[in-house]
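In our numbering, the protein residues as written are 757 to 939.
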């Protein structure tokens, strides 16, 4: 069998197909190399343009007696608080934890009286709006009353509870099923 000879037009078409395939291959290879390369350059430029934020420990070198003692006994808490915005605002341990001897749940500690876990009453000194929002949220007074009822609440606390719009005030029925849901 004799091989058919291609006409010049067929040869040109074959050559054009090979050239197009070669171009496509070259473009693909360039895209595979260039696109990730450009992405890396963009990330590098972005990182170099942003100033590295250094975490500042506001309690470093503190001579506060609470900080000095608790650095030895509970260093994680001191470290965490040292990086907080409250420490940055010069809020000391005693601002939130120190109370009068007759304050509910006050315990004697190193010659003073403190709360292990400050109450929202302590927070209200600086954060009145936030405490009001908390008291009206499902995590504040409504949750306490759902669990404990209104027995033992002061007149002021009952007034706060009555002022909460959601659900209305009805001490004879459970405000919500929160306590039952959470156990």
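The beta-carbon is built from N, C-alpha and C at its ideal position, and this holds for glycine as well.
- Item | residue 816 versus residue 824: straight-line alpha-carbon distance, rounded | Cα-Cα distance, rounded: 10 Å.
- Endpoints, the beta strand (DSSP E) within which residue 869 is located: For residue 869, the enclosing beta strand (DSSP E) begins and ends at 868-870.
- Message: Rounded to whole angstroms, what is the Cα-Cα separation between residue 915 and residue 891?
- Response: Their Cα atoms are separated by approximately 12 Å.
- Is residue 920 helix, strand or coil when you go by DSSP? Residue 920: coil per DSSP, three-state reduction.
- Strand pairing of residue 895, partner residues [DSSP]: Looking at the DSSP output, residue 895 bridges to nothing.
- Can you have a look at residue 786 and say buried or exposed, based on whether 16 or more other CB atoms are within 10 angstroms of its CB? Around the beta carbon of residue 786, fewer than 16 other beta carbons sit within 10 angstroms, so the residue counts as exposed.
- Burial state of residue 903 (16 or more Cβ within 10 Å): With a 10 Å radius around the Cβ and a threshold of 16 neighbouring Cβ atoms, residue 903 comes out exposed.
- Give me the Cα-Cα distance between residue 774 and residue 811, rounded to the nearest whole angstrom. Near 60 Å, if we compare the C-alpha coordinates of residue 811 and residue 774.
- Item | Beta-carbon contacts of residue 860 that lie in its chain and below 7 Å, excluding the five residues immediately before and after | Excluding residues within five positions, none has a Cβ falling inside 7 Å.
- For the putative contact between residue 869 and residue 854, defined by C-beta atoms under 8 Å, what is the C-beta separation to the nearest angstrom? With 8 Å as the limit, residue 869 and residue 854 qualify as a contact, their Cβ atoms being about 7 Å apart.
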